[in-house]
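Asks: Going by the working numbering, the sequence shown wraps up at 498, each residue one higher than the last.
Where is the CB? At the ideal position from N, CA and C, for every residue including glycine.
If you're wondering where the values come from, they're calculated on a predicted model, not measured in any experiment.
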Amino acid sequence: NRIDRWVQMRSDPSGQLSEPGRFRDTGTDRALIGYGFGRLARRDPPAARELWQRYSGFEISAAEQTRIERDIALAHARRFLPGARSLIEDQARVDADPIVAQWRVRLALRDQDWPATDEALDSLASEESERSVWTYWRARAKDGAGDTAAASRLFRELSKERDYYGFLAADRIGSEYQFSHRPATPDEVMIANLDKRPDLIRTRELFMTGLYGRGRSEWQAMLKKLPPEQRAQASILAHRWGWHSRAIATASGNGLIDDLDLRFPTPWQTAFDQRSRQLSLEPSFAYGIARSESLFMPDVASGAGAIGLMQLMPATGKQTARQAGIRYRGQQTLMDPETNIALGTHYLGRMLERFDGNPVLATAAYNAGPNRVSSWLPTDNNLPADVWVDSVPFRETRKYIRRVLTSDTVFDWRRDGEHRRLSDRMPPVRPGMDTGG
Numbered sequence: 062n063r064i065d066r067w068v069q070m071r072s073d074p075s076g077q078l079s080e081p082g083r084f085r086d087t088g089t090d091r092a093l094i095g096y097g098f099g100r101l102a103r104r105d106p107p108a109a110r111e112l113w114q115r116y117s118g119f120e121i122s123a124a125e126q127t128r129i130e131r132d133i134a135l136a137h138a139r140r141f142l143p144g145a146r147s148l149i150e151d152q153a154r155v156d157a158d159p160i161v162a163q164w165r166v167r168l169a170l171r172d173q174d175w176p177a178t179d180e181a182l183d184s185l186a187s188e189e190s191e192r193s194v195w196t197y198w199r200a201r202a203k204d205g206a207g208d209t210a211a212a213s214r215l216f217r218e219l220s221k222e223r224d225y226y227g228f229l230a231a232d233r234i235g236s237e238y239q240f241s242h243r244p245a246t247p248d249e250v251m252i253a254n255l256d257k258r259p260d261l262i263r264t265r266e267l268f269m270t271g272l273y274g275r276g277r278s279e280w281q282a283m284l285k286k287l288p289p290e291q292r293a294q295a296s297i298l299a300h301r302w303g304w305h306s307r308a309i310a311t312a313s314g315n316g317l318i319d320d321l322d323l324r325f326p327t328p329w330q331t332a333f334d335q336r337s338r339q340l341s342l343e344p345s346f347a348y349g350i351a352r353s354e355s356l357f358m359p360d361v362a363s364g365a366g367a368i369g370l371m372q373l374m375p376a377t378g379k380q381t382a383r384q385a386g387i388r389y390r391g392q393q394t395l396m397d398p399e400t401n402i403a404l405g406t407h408y409l410g411r412m413l414e415r416f417d418g419n420p421v422l423a424t425a426a427y428n429a430g431p432n433r434v435s436s437w438l439p440t441d442n443n444l445p446a447d448v449w450v451d452s453v454p455f456r457e458t459r460k461y462i463r464r465v466l467t468s469d470t471v472f473d474w475r476r477d478g479e480h481r482r483l484s485d486r487m488p489p490v491r492p493g494m495d496t497g498g
């Protein structure tokens, strides 16, 4: 009977919670109520909010009440439902949870209420508030409220960084991007000695024969035996082999973060260029997607089942192949690099077309799916793209968009030493931008 009640609550929390009289004021039932409200808040936040008012007679602990009310407030916030901002403001007064504090900022941003954004930023924990994301929004809030001098100081400091917020800050003050490319110096003697190691020879042969997964395991085991200076040289060696995922990961973790040749390689350049140009895509955009999805690993599969360089789900790959006139032979097709590039760029081009040529929305759709992105569009007024990105409900997708756009900018610069402004690729997000294509 107890198990049945939990199963029923899992499948129908609204129906179960609609009758408070079916619960006793016991620890077991209070735990069941808390579980149910957590489920219902995710499914139907307004219903959870309405039903919660009926449970004031239960001796639910203050901590559990706060958790339930937090779940309800955050669920409203993440869907941008009516009353979300006031719910989050009320929650923040009694709840020191950092996610609540962050959503207080995001909802003020979404309304472009700059004084309230500045105030909400003050409520972040000191360590959190020092992150570049919040420094950027502090600057935007100051600028929006008319304190241009304070905004310029913050933008100037951020613009020294080679990242999403650094590039956007540079655009705000009209300064040059700081790519800070410093090629690593090869130690040819050390590289020659590494190349003779039996474990490294074994690793190389696994890679060269296409046994990538086993090769990656061997590589990681080998790295553990090497001092940092040899690991750095090993990343140069992997780059020379064309094993870019190991070169990128090893360089990033061993002091070579400024060698952009190692960290932003351009393999399969002919395929990326030709397929992108056919679809009116910038090759740097496609490269940004591929690097962010797989680090250029042709065999990698995600936990969700996406496969290959540009991480396509089999169903998406099959549908895209039919639309692109490409023969589809299952997983084998997705693991072939050039075919995967053809399918991935075609799908990216479809997302760009569907969302009215907006690269920000196309990037989000590639990660989270077009239907979710459509549900995140504003309903009334245009939003600046940077505001829209940082009010996306999924943390993973916010990070993904920033990573892709940063990579796009670096790849663009790497091609010929020139680059487009990041802000030029971030047009405003308007209501109704999903054309349904």
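Which same chain residues end up closer than 7 Å to D441 when comparing Cβ atoms and leaving out the 5 residues on each side of it in sequence?
Replies: The residue you call residue 441 lines up with position 380 of the sequence shown. Excluding positions up to five away in sequence, the list reads P492.
Asks: So, using beta-carbon positions, are T424 and V465 closer together than 7 Å?
Replies: In the sequence shown, the residue the question calls residue 424 occupies position 363. In the sequence shown, the residue the question calls residue 465 occupies position 404. Their beta carbons are under 7 Å apart, which means T424 touches V465 by this criterion.
Asks: Since A332 contacts I402 with CB under 8 Å, what's their CB separation in whole angstroms?
Replies: Taking the first residue of the sequence shown as position 1, residue 332 is located at position 271. Taking the first residue of the sequence shown as position 1, residue 402 is located at position 341. Right, the Cβ-Cβ distance comes to about 5 Å (below 8 Å), so this counts as a contact.
Asks: For L373, does the three-state DSSP call read helix, strand or coil?
Replies: Within the sequence shown, the letter at position 312 stands for residue 373. Three-state result, L373: strand.
Asks: Assign A157 to buried or exposed, taking buried as 16 or more other Cβ atoms, counted over all protein chains shown, within 10 Å of its Cβ.
Replies: Here residue 157 is taken as the residue at index 96 of the sequence shown, counted from 1. Looking at its Cβ environment, which holds fewer than 16 other Cβ atoms inside 10 Å, A157 is exposed.
Asks: Looking at G207 and the ligand ZN, is the gap between the Cβ and the nearest heavy atom below 6 Å?
Replies: With respect to small molecules bound, the structure shown includes none, and the ligand ZN cannot be examined in it.
Asks: What is the residue span of the alpha helix (DSSP H) that D132 lies within?
Replies: Residue mapping note: residue 132 aligns to position 71 of the sequence shown, counting from 1. Unbroken alpha helix (DSSP H) run through D132: A123 to R139.
Asks: Judging by CA-CA distance, which residue of V250, L444, W164 and P344 is the nearest neighbour of R140?
Replies: For the purposes of this step, residue 140 is taken as the residue at position 79 of the sequence shown. Residue W164 is the option with its Cα nearest to R140.
Asks: Starting from V490, follow its DSSP beta bridges and name the residues at the other end.
Replies: Residue 490 sits at position 429 when you count from the first residue of the sequence shown. Looking at the DSSP assignment, V490 forms a beta bridge with L444.
Asks: If we ignore side chains and look at the alpha-carbon of each, how far apart do R411 and E120 end up?
Replies: Numbered from its first residue, the sequence shown carries residue 411 at position 350. Numbered from its first residue, the sequence shown carries residue 120 at position 59. Each residue's alpha carbon lies about 54 Å from the other.
Asks: At what residue ranges does the stretch 173-253 contain a whole run of the alpha helix (DSSP H), taking only runs of 4 or more?
Replies: 175-183, 187-190, 193-205, 209-219 and 225-234
Asks: Rounded to the nearest angstrom, what separates L215 and Y238 at their Cα positions?
Replies: Taking the first residue of the sequence shown as 1, we reach residue 215 at position 154. Taking the first residue of the sequence shown as 1, we reach residue 238 at position 177. Going from the Cα of L215 to the Cα of Y238 covers about 15 Å.
Asks: When the distance is taken between beta carbons, is A299 closer than 7 Å to N315?
Replies: Residue mapping note: residue 315 aligns to position 254 of the sequence shown, counting from 1. Residue mapping note: residue 299 aligns to position 238 of the sequence shown, counting from 1. Not in contact: N315 and A299 (Cβ atoms no closer than 7 Å).
Asks: Does A145 come out as helix, strand or coil in the three-state DSSP assignment?
Replies: By one-based count along the sequence shown, residue 145 stands at place 84. In the three-state reduction of the DSSP assignment, A145 falls in the helix class.
Asks: Please look up how many angstroms separate the CB atoms of V161 and Q152, rounded, as I've assumed it's under 8 Å.
Replies: By 1-based counting over the sequence shown, the position of residue 161 is 100. By 1-based counting over the sequence shown, the position of residue 152 is 91. Between Q152 and V161 the Cβ distance is about 5 Å, and since that is below 8 Å, they are a contact.
Asks: Can you name, in chain order, every residue of its own chain whose Cβ lies under 6 Å from the Cβ of S345, other than the five neighbours on each side?
Replies: Numbered from its first residue, the sequence shown carries residue 345 at position 284. By the criterion of a C-beta distance shorter than 6 Å, S345 is surrounded in its chain by D469, F472 and D473, once the five residues flanking it on both sides are discounted.
Asks: Looking at the strands, I want to know which residues DSSP matches up with A362.
Replies: Walking along the sequence shown from the start, residue 362 turns up at place 301. I368.
Asks: Roughly how many whole angstroms lie between the Cα atoms of H103 and P74?
Replies: In the sequence shown, residue 103 corresponds to position 42, counting from 1. In the sequence shown, residue 74 corresponds to position 13, counting from 1. Residue 103 is actually Arg in this sequence, not His. Approximately 11 Å, taken between the alpha carbons.
Asks: With DSSP run on the structure shown, which of helix, strand or coil describes V68?
Replies: For the purposes of this step, residue 68 is taken as residue 7 along the sequence shown, with counting starting at 1. Correct three-state label for V68: helix.
Asks: Between the alpha carbons of E111 and W195, how many angstroms are there, rounded?
Replies: For this step, residue 111 is matched to residue 50 along the sequence shown. For this step, residue 195 is matched to residue 134 along the sequence shown. Cα to Cα, E111 sits roughly 34 Å from W195.
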